[in-house]
Amino acid sequence: MNQDIFAKRRKKLLKELGKGVAILKSPPSQTRSNDTEYNYRIDSDIYYLTGYKNAGSAFIINPNDKENVYTMFVLPKDPERETWVGRRLTFDQNIEKYGANKCLSIDDFEKAATEAMKTADTIYINMNHDTSNRHKMMDMFQNVKNIVQREGDGPLRIEALSSITSEMRLIKDAVEIEAIQKASDISAEAHVLAMKNCKPGKSEYQLQGIMEGYFLQNGCKSVAYGSIVGGGENATVLHYENNDSEIKNNDLILIDAACEYDMYASDITRTFPANGKFTDVQRALYQVVLDAQNATIAACKPGITFEELHAIDLKILVEGMVGVGLLKGKVKDIIKDETYKPYFMHKTGHWMGLDVHDVGNYKKKGKSRPLEEGMVFTVEPGIYVSQETDAPNKYKGIGIRIEDNILITKEGHHNFTRLVPKEINDIEMLMGESK
Ligand code: GLY
Ligand code: MN
Ligand code: MN
């Protein structure tokens, strides 16, 4: 991505910081086993503000230091290590590439962070799974406070940087929307490929392999989350990730899989019959989820709240479940008493962006917040009838979810992932063509 966008975000952050300082440290890479590591993926806030992607880095954004508002800290040149793990830029090259005022060795970070803390009233730190950094920052804050308060001012509070960045990240800019569209397009094409290649007798992991291979071939370094490919009863487990069962003739297959492109997520689910043709029972239940999803997406526009969207979704799901005999009673009572929960136990959607479950509050002052232009989220109703439920036998072992990714626009919405078939006829036609 062009560096201008990161500079623009830092400028916006500076306004929010006031006399505060932002101190960000990249989490360490994670060991997989013995001396192998998981592929590194930097903290989303760091990427959002700097465009930097490598481990062993830290960043101080300090409006009180007029000469060096933006200092970055990186692993210094080390010819021997570079032979093993890849070349590093010089400090000057980093300044040039990332638009910093100053670049130092990561070894100088703690001292510089201590000095920066002395200049600020609020210390904003990036909180993530790196608890040791969090503790270290707390200790440093306390030490600085003890020293500085004898002389007058000192830092008053330590805060999560996300209190600023989450709101910034909630409204996507044009560059982000483009990346999400690209992630959505590649993921959508992979879903079509999986549908075309599905046959009873194959393994769930073979469909996973087709999709993830496609992601990689199209420049995606990673999935946006662990791929879920579940047939029959496995589809009733919300985050099933074993993906190692054989696909059976009359099963519905649920695939919830998508790539991360240029750091941005997509999140698509489709459910389809293993043999290309829905049974009557599957068709009836599938149509309920589809109707709920279509109606919920149609309602997406500025001003509507997540809670209202969920209510639309839930009402259609419950009406449908009563209609097919899966639930008994009055729709209003079922919703009030939440007796639908054995079959629909999650919310209608979530924010999406740099993280698949992206940051941002869903409520403001205790109330569901109205959607605004630039917000991106999923709409993903489902019905899951596991063998554990006391549903009529004919519905047991059916899990259905349909998930698309939506952008709120000035006029209404844009569906990033609309190109993956989801109408029953379209799925049957696509799968029929490939037989
Ligand atoms: N793929 C995870 C989710 O849909 O939330
Ligand atoms: Mn989702
Ligand atoms: Mn999903």
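Every position in the sequence shown, counted from 1, becomes a number in this note's numbering once 18 is added. Don't be surprised by glycine CBs; every beta carbon is placed ideally from N, CA and C.
At a cut-off of 7 angstroms, would you count residue i as near ligand 2, judging by its Cβ distance to the nearest heavy atom?
i: Thr396; result: yes
i: Asp422; result: no
i: Asp285; result: yes
What separation, rounded to the nearest whole angstrom, lies between the Cα atoms of residue i and residue j?
i: Leu437; j: Gly36; result: 45 angstroms
i: Lys365; j: Pro399; result: 8 angstroms
i: Ser452; j: Ala276; result: 22 angstroms
i: Ala25; j: Met339; result: 51 angstroms
i: Asn312; j: Ile442; result: 13 angstroms
i: Gly343; j: Thr254; result: 19 angstroms
i: Lys348; j: Tyr361; result: 16 angstroms
i: Asp191; j: Lys319; result: 17 angstroms
i: Asn423; j: Ala283; result: 10 angstroms
i: Asn161; j: Ile60; result: 28 angstroms
i: Pro291; j: Asn268; result: 7 angstroms
i: Ile143; j: Gly219; result: 51 angstroms
i: Tyr66; j: Ala329; result: 33 angstroms
i: Ala201; j: Asp171; result: 48 angstroms
i: Val87; j: Ala138; result: 13 angstroms
i: Asn20; j: Ile322; result: 33 angstroms
i: Tyr232; j: Leu225; result: 11 angstroms
i: Asn379; j: Gly450; result: 44 angstroms
i: Gly104; j: Gln235; result: 22 angstroms
i: Tyr56; j: Ala73; result: 12 angstroms
i: Val377; j: Arg27; result: 16 angstroms
i: His209; j: Lys428; result: 29 angstroms
i: His432; j: His368; result: 16 angstroms
i: Pro173; j: Ser263; result: 56 angstroms
i: Asn151; j: Tyr358; result: 43 angstroms
i: Ala310; j: Leu327; result: 10 angstroms
i: Ile420; j: Val307; result: 7 angstroms
Mark residue i as exposed unless 16 or more other C-beta atoms lie within 10 angstroms of its C-beta, in which case mark it buried.
i: Thr54; result: exposed
i: Asn112; result: buried
i: Ile165; result: exposed
i: Pro97; result: exposed
i: Met11; result: Only positions 19 to 453 of the chain appear in the structure, and residue 11 is not among them; the question remains open.
i: Pro410; result: exposed
i: Thr101; result: exposed
i: Leu42; result: buried
i: Glu251; result: buried
i: Thr289; result: buried
i: Ala316; result: exposed
i: Met229; result: buried
i: His147; result: exposed
i: Met363; result: exposed
i: Lys16; result: Since the displayed the chain opens at 19 and closes at 453, residue 16 lies outside it and no answer follows.
i: Ser51; result: exposed
i: Asn356; result: Here residue 356 turns out to be Glu, not Asn, going by the sequence shown. Classification for Glu356: exposed.
i: Asp331; result: buried
i: Met158; result: buried
i: Gly415; result: buried
i: Glu222; result: buried
Could you tell me whether any non-hydrogen atom of ligand 3 is closer than 7 angstroms to the CB of residue i?
i: Asp376; result: no
For ligand 1, I want to know if residue i counts as a neighbour, meaning its beta carbon is within less than 7 angstroms of at least one of the ligand's heavy atoms.
i: His368; result: yes
i: Asp274; result: yes
i: Tyr243; result: yes
Assuming residue i contacts residue j under a Cβ cut-off of 8 angstroms, what Cβ separation, rounded to an integer in Å, is found between them?
i: Val336; j: Ile352; result: 5 angstroms
i: Ile286; j: Ser205; result: 5 angstroms
i: Lys412; j: Val299; result: 5 angstroms
i: Ile176; j: Leu303; result: With 8 angstroms as the limit, Ile176 and Leu303 do not qualify as a contact, their Cβ atoms being about 51 angstroms apart.
i: Ala40; j: Ile79; result: 4 angstroms
i: Val403; j: Met370; result: No, Val403 and Met370 are not in contact; Cβ-Cβ is about 27 angstroms, not under 8 angstroms.
With a threshold of 8 angstroms between beta-carbons, can residue i be considered close to chain B, or not?
i: Ser51; result: Looking at the structure shown, chain B is missing, and only one protein chain is on hand.
At a cut-off of 7 angstroms, would you count residue i as near ligand 5, judging by its Cβ distance to the nearest heavy atom?
i: Asn268; result: By its list of ligands, the structure shown excludes ligand 5, since it contains just ligand 1, ligand 2 and ligand 3.
Every unbroken alpha helix (DSSP H) within the segment 213-246, with a cutoff of 4 residues, ordered by chain:
222-235
Within the segment 332-382, ranges of the alpha helix (DSSP H) (whole runs, at least 4 residues):
349-355
Ignoring anything shorter than 3 residues or poking outside the segment 25-51, list the beta strand (DSSP E) runs there in chain order.
39-43 and 49-51
Tell me the start and end of each unbroken beta strand (DSSP E) in the segment 410-448 that is at least 3 residues and wholly inside, in chain order.
416-419, 422-426 and 431-433
Unbroken stretches of the beta strand (DSSP E), 3 residues or longer, contained in the segment 270-339:
270-274, 277-279 and 287-291
Contained alpha helix (DSSP H) runs [length at least 4] in the segment 77-158, N- to C-terminal order
97-103, 109-116 and 127-136
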